[in-house]
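This report refers to the structure that appears directly beneath it.
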Amino acid sequence: MEITLEYLRRYSVEGFYNSRNPQVQTLRYMTDEINKVIDTTRIKVVYPKNLFIDNKQIEIYLFDDKEHILKITYENKEVSIRLYFLKDITRLKNSVNYEKESRSLTIEFSNGEIFEFNSTSDTNSYHMHRFDDLILDILKLSLRYEMPNKKNELL
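Numbering-wise (the UniProt record's numbering), the sequence shown opens with residue 1 and increments by one.
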């Protein structure tokens with residue numbers, strides 16, 4: 001199953017009153033806000049970091065077809081949406097661990113901020129291969145844009 005905004009919305013609605021997974025309520029607030037303020041038809045990749053890991057804060061990353069990255073967080077009972085631009089990426093580093101069958105991608109921006117995606121540490125073992133595919137999708141989307149200040153390290 002592909003991880004999409006619709007999948008996240010359904011997952012949050014179905015488990016909203018289930019205390020077994022406390023992250024579901026947070027996810028519901030985040031997906032509600034996303035649907036209110038973002039044109040979701042333009043979203044190409046959805047990366048729900050830490051969704052399936054207990055006791056970690058969820059971060060949702062959305063990559064659209066207009067060279068934008070949106071980072072959605074929930075802290076202190078507030079949903080925050082931050083906008084980043086692919087043109088501000090200065091470095092991409094892709095790493096593959098064939099022994100663990102995992103992948104990581106580090107994205108560095110001109111303002112010094114760093115996004116790290118890791119298919120082993122961002123999810124549980126059940127979803128690891130899905131997250132590996134999502135990281136590949138993010139990498140491919142990022143590489144589509146030629147930016148003079150971007151350095152690629154493809155390992």
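Ideal placement from N, C-alpha and C gives every residue a C-beta, glycine not left out.
query	result
Range of the contiguous alpha helix (DSSP H) that encloses Leu143	128–143
C-beta atoms of Tyr29 and Tyr74 nearer than 8 Å	yes
Bridge partner(s) assigned by DSSP for Ser125	Answer by DSSP bridge pairing: none, since Ser125 is not bridged.
First through last residue of the alpha helix (DSSP H) which encompasses Tyr7	5–14
For Thr73: DSSP bridge partner residues	Glu59, Ser80
Option nearest Phe109 by Cα separation, candidates Leu83, Asp65, Glu33	Leu83
Contacts around Asn111, its chain only, beta-carbon distance under 8 Å, and the 5 residues preceding and following it disregarded	Asp88
Reference Phe85; option with closest CA among Asn94, Val96, Glu78, Ile69	Ile69
When Asn76, Phe115, Glu78 are compared against Lys93, the one with the closest alpha-carbon	Phe115
Cut-off 7 Å between Cβ atoms - residues of its own chain near Leu134, not counting five sequence neighbours on either side	Ile3, Val45, Tyr47
Burial state of Thr31, where buried means 16 or more other Cβ atoms lie within 10 Å	buried
Spatial neighbours of Thr120 in its chain, beta-carbon cut-off 7 Å, leaving aside the 5 residues before and after	Lys100, Ser102, Met128
Lys36: first and last residue of the uninterrupted alpha helix (DSSP H) it sits in	23–37
Collapsed DSSP secondary structure at Lys100 in the structure displayed	coil
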